[in-house]
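Colleague:
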Amino acid sequence: MKRVVVLGSTGSIGKQALEVCRWRGFRVVGLAAGKNLEALAEQIAFWKPLLVAAEESLHKELKARFPGLRLATAEEVAALEAEVAVAAIPGLAGLSPTRVAVQTGKRVALANKEAMVAAGPLLWREAEAHGAEILPVDSEHSALFQALLGERREDVAELILTASGGPFLKEPEDLAQVTPEMALRHPRWRMGPKVTVDSATLFNKGLEVLEAKELFRFPLERIKVLVHPQAYVHGLVRFLDGSLKAQLGPTDMRLPIQYALTYPERAETPLKDLPIPGVLEFLEPDLKRFPALAIAYEAGRRGGLPQVAVSAADEVAVEAFLQGKIPFPRIPEILARVLEATPTEPLTWESLFAVDAWAREEAKRWA
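Position one of the sequence shown corresponds to residue 1 (full-length UniProt numbering), numbered consecutively onward.
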């Protein structure tokens, strides 16, 4: 029986990962969560994990409900003996437990794109030293991973990520009118608030471009984005001869999650008979309407710490928008200001966290 730890178990990806584990009959040995007490309690009751991590404010109540429960840090959960760790703690908070999972030689089903964006070269160094696998959970990166299987890297011309375009692809004309409630109504995906707003600004696609650059170790200029409103084609690979390979499938995160958990096997799911859309559209992204995508590309051209800085600044800017402190177009403005002020020095574990902290404070100045 495959053993799994889920880091970020009460978030959208974590819950769906647990659903996949239930489909497949896997044993969930560890859960790491934040402060969603009721969701975590329900998971503990069902899975009976060996270790649980949660915010300290929940410890007293968790011990009262589950007297024999062993509470730990997210890093200790990540270090448990298991075949797979689902890394789904959002933001840079997920980097440390993800690093521990890699250091223990597991397969890491990576859903935390910020970890690869900020520390890709460092994580690969750890993976190669400890024999760990890093497989993508994002639907777009899973698509590219699948399309690249069996192909020679030297035959690849470009990687193409698709973007649904979010809720504001064409309207309203004036994005200053956008409210948090409007931004959180994504037309295709069911996600957490931060990633949903990022999808509305297209910065989420910018992060995915940077993740693809680090995950597949391809040059940035060979990674493109196409807007695909139907969200059925998740990624394409174009080859030197002009051929294209694409991965298509339902708009359901459980599919890429399961593939990362079961690869190279494909197990049957309840999604196998869903209808195929009759129309598939592809559009060039409008960088004037969505400047956050262009800012992500510029961070990628600079590489290293600028990628850390814009990722951190975005967390602050999105939170300020959700709290009603700044208008929607202010988000990319803050990212641009932080990017231009980012110090230039080599990427290390130490400099990474220092620049992350600096970028958050810098972003707060403009939020």
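Idealized CB from N, CA, C, for every residue including glycine.
Between which two residues does the beta strand (DSSP E) carrying H234 extend?
Modeller: For the purposes of this step, residue 234 is taken as the residue at position 234 of the sequence shown. H234 -> beta strand (DSSP E) spans V233 to F239.
Colleague: Relative to the alpha-carbon of F122, which residue among R254, S351 and A359 has its alpha-carbon at the smallest distance?
Modeller: What you label residue 122 is simply residue 122 of the sequence shown in a count that begins at 1. One detail in the question is off: residue 122 reads as Leu in this sequence, not Phe. Considering only alpha carbons, the answer is S351.
Colleague: Assuming K245 and V237 form a contact by the criterion Cβ under 8 Å, report the distance between their Cβ atoms to the nearest whole angstrom.
Modeller: Taking the first residue of the sequence shown as 1, we reach residue 245 at position 245. Taking the first residue of the sequence shown as 1, we reach residue 237 at position 237. Yes, K245 and V237 are in contact; Cβ-Cβ is about 5 Å, under 8 Å.
Colleague: What are the start and end residues of the beta strand (DSSP E) that includes T179?
Modeller: If you number the sequence shown from 1, residue 179 lands on position 179. Looking at the DSSP string, T179 is not in any beta strand (DSSP E), and its letter there is neither H nor E.
Colleague: How about G14 and G192: are their beta carbons less than 7 Å apart?
Modeller: As a position in the sequence shown, residue 14 is number 14, starting the count at 1. As a position in the sequence shown, residue 192 is number 192, starting the count at 1. In this structure, G192 does not lie closer than 7 Å to G14 by Cβ.
Colleague: Report the residue from D155, G150, L148 and S96 whose alpha carbon sits nearest the alpha carbon of E126.
Modeller: Here the question's residue 126 lines up with position 126 in the sequence shown. Closest option to E126, Cα to Cα, is S96.
Colleague: Is A88 closer than 7 Å to L7 when the C-beta atoms are compared?
Modeller: By 1-based counting over the sequence shown, the position of residue 7 is 7. By 1-based counting over the sequence shown, the position of residue 88 is 88. Yes, the Cβ-Cβ distance between L7 and A88 is below 7 Å.
Colleague: Compare the beta carbon distance of residue 368 and L31 with 7 Å and say whether it is the shorter of the two.
Modeller: The structure shown does not extend to residue 368, since the chain spans only 1 to 367, so no value can be given for it.
Colleague: Confirm, please, whether the CB-CB distance from A317 to Q307 is below 7 Å.
Modeller: Here residue 307 is taken as the residue at index 307 of the sequence shown, counted from 1. Here residue 317 is taken as the residue at index 317 of the sequence shown, counted from 1. Against a cut-off of 7 Å, the Cβ pair of A317 and Q307 comes out as no contact.
Colleague: Beta-carbon separation of G94 and A78 under 7 Å?
Modeller: Along the sequence shown, read from residue 1 onward, the residue named residue 94 stands at position 94. Along the sequence shown, read from residue 1 onward, the residue named residue 78 stands at position 78. Contact flag unset, no.
Colleague: Return the Cβ separation of L305 and E361 in integer angstroms, given the expectation that the two are a contact with Cβ distance under 8 Å.
Modeller: Counting from 1 along the sequence shown, the entry for residue 305 is found at position 305. Counting from 1 along the sequence shown, the entry for residue 361 is found at position 361. With 8 Å as the limit, L305 and E361 do not qualify as a contact, their Cβ atoms being about 15 Å apart.
Colleague: According to DSSP, is Q247 part of a helix, a strand, or is it coil?
Modeller: What you label residue 247 is simply residue 247 of the sequence shown in a count that begins at 1. Strand at Q247.
Colleague: Under DSSP, the beta strand (DSSP E) around A32 begins and ends at which residues?
Modeller: What you label residue 32 is simply residue 32 of the sequence shown in a count that begins at 1. Per DSSP, A32 belongs to the beta strand (DSSP E) from R27 to A32.
Colleague: Looking at the secondary structure, which residues open and close the alpha helix (DSSP H) in which K224 lies?
Modeller: Stepping through the sequence shown from its first residue, residue 224 is reached at position 224. No alpha helix (DSSP H) holds K224; the beta strand (DSSP E) holding it covers I223 to V227.
Colleague: Using the three-state DSSP reduction, which class does R22 fall into: helix, strand or coil?
Modeller: In the sequence shown, counting from the first residue as 1, residue 22 sits at position 22. The answer is helix: DSSP assigns R22 an H, G or I state.
Colleague: Could you please give the first and the last residue of the uninterrupted beta strand (DSSP E) stretch that includes R136?
Modeller: Counted from its first residue, the sequence shown places residue 136 at position 136. Note on identity: in this sequence residue 136 is Pro, with Arg being the wrong assignment. P136 -> beta strand (DSSP E) spans E133 to P136.
Colleague: How big is the Cα-Cα spacing for A320 and L240?
Modeller: Here residue 320 is taken as the residue at index 320 of the sequence shown, counted from 1. Here residue 240 is taken as the residue at index 240 of the sequence shown, counted from 1. About 44 Å.
Colleague: Roughly how many angstroms separate the alpha carbons of R266 and K272, rounded to a whole number?
Modeller: Looking up residue 266 in the sequence shown gives position 266. Looking up residue 272 in the sequence shown gives position 272. Taking the straight line from one Cα to the other gives about 11 Å.
Colleague: Output needed for A133: all residues of its chain with C-beta closer than 8 Å, excluding positions within five of it in sequence on either side, in chain order.
Modeller: Walking along the sequence shown from the start, residue 133 turns up at place 133. The displayed chain sequence assigns Glu, not Ala, to residue 133. Excluding sequence neighbours, E133 sits near K106, R107, V108 and A127.
Colleague: Does DSSP classify A367 as helix, strand or coil?
Modeller: Locating residue 367 in the sequence shown gives position 367, where the first residue counts as 1. Looking at A367 - three-state DSSP - the assignment turns out to be coil, as it is neither helix nor strand.
Colleague: Tell me the rounded alpha-carbon separation between L110 and L159.
Modeller: By 1-based counting over the sequence shown, the position of residue 110 is 110. By 1-based counting over the sequence shown, the position of residue 159 is 159. So the two alpha carbons sit approximately 19 Å from each other.
Colleague: Thinking C-alpha only, which one of E214, V156 and S199 is nearest V227?
Modeller: Numbered from 1 along the sequence shown, position 227 holds the residue referred to as residue 227. Minimum Cα distance to V227 is reached at S199.
Colleague: Below 7 Å between beta carbons: does that hold for A292 and P332?
Modeller: As a working note, residue 292 is residue 292 in the sequence shown. As a working note, residue 332 is residue 332 in the sequence shown. Taking 7 Å as the Cβ cut-off, A292 and P332 qualify as a contacting pair.
Colleague: I think V279 touches Q230, with their Cβ atoms under 8 Å apart; what is that distance to the nearest whole Å?
Modeller: By 1-based counting over the sequence shown, the position of residue 279 is 279. By 1-based counting over the sequence shown, the position of residue 230 is 230. About 7 Å; that satisfies the 8 Å criterion.
Colleague: Can you give me the start and stop residues for the beta strand (DSSP E) that V279 sits inside?
Modeller: Walking along the sequence shown from the start, residue 279 turns up at place 279. Note, V279: premise wrong, no beta strand (DSSP E); not H, not E.
Colleague: Once the 5 residues before and after residue 373 are set aside, which same chain residues still bring their CB inside 8 Å of it?
Modeller: The shown model of the chain, from 1 to 367, leaves out residue 373, and the question about it has no answer.
Colleague: Taking only runs that begin and end inside the UniProt domain "DXP reductoisomerase C-terminal" (248-361), name each unbroken alpha helix (DSSP H) of 4 or more residues, in chain order.
Modeller: If we require 4 residues or more, the alpha helix (DSSP H) runs fully inside the UniProt domain "DXP reductoisomerase C-terminal" (248-361) come out as 254-262, 291-302, 305-322 and 330-341.
Colleague: For P167 and H186, which I take to be in contact (beta-carbon distance under 8 Å), what is that distance rounded to the nearest angstrom?
Modeller: Translated into the one-based positions of the sequence shown, residue 167 becomes position 167. Translated into the one-based positions of the sequence shown, residue 186 becomes position 186. Correct: roughly 6 Å between the Cβ atoms.
Colleague: At what residues does the alpha helix (DSSP H) containing A74 begin and finish?
Modeller: On the sequence shown, residue 74 is found 74 positions in, with the first residue counted as 1. It spans A74 to A78 - the alpha helix (DSSP H) in which A74 sits, taken as one unbroken run.
Colleague: Quick one: using the 10 Å Cβ neighbour count with 16 as the cut-off for buried, is A151 buried or exposed?
Modeller: Start at 1 with the first residue of the sequence shown, and residue 151 comes out as number 151. Looking at the sequence shown, residue 151 is not Ala but Glu. Exposed, since its Cβ has fewer than 16 Cβ neighbours within 10 Å.
Colleague: Hey, F328 and L202: beta-carbon distance below 7 Å or not?
Modeller: Residue numbering aside, residue 328 sits at position 328 when the sequence shown is read from its first letter. Residue numbering aside, residue 202 sits at position 202 when the sequence shown is read from its first letter. In this structure, L202 does not lie closer than 7 Å to F328 by Cβ.
Colleague: For E38, does the count of other Cβ atoms within 10 angstroms reach 16, so buried, or fall short, so exposed?
Modeller: Locating residue 38 in the sequence shown gives position 38, where the first residue counts as 1. Exposed: under 16 other Cβ atoms inside 10 Å.
Colleague: Which residues in the same chain have their Cβ closer than 6 Å to the Cβ of V355, if we skip the five residues on either side of it in sequence?
Modeller: Taking the first residue of the sequence shown as position 1, residue 355 is located at position 355. Excluding residues within five positions, the ones whose Cβ falls inside 6 Å are L305, V308 and A309.
Colleague: Out of V233, I326 and A82, state which residue places its alpha-carbon closest to the alpha-carbon of E51.
Modeller: For the purposes of this step, residue 51 is taken as residue 51 along the sequence shown, with counting starting at 1. According to the sequence provided, residue 51 is Leu. The question's Glu does not apply to it. Among V233, I326 and A82, the Cα nearest to that of L51 belongs to A82.
Colleague: What do you get for Q247, buried or exposed, if any count of 16 or more other CB atoms within 10 angstroms of its CB means buried?
Modeller: What you label residue 247 is simply residue 247 of the sequence shown in a count that begins at 1. With 16 or more Cβ atoms within 10 Å of its Cβ, Q247 is classed as buried.
Colleague: Whole angstroms are fine: how far does the CA of I295 sit from the CA of K288?
Modeller: As a working mapping, residue 288 is identified with position 288 in the sequence shown. As a working mapping, residue 295 is identified with position 295 in the sequence shown. Roughly 11 Å between the two C-alpha positions.
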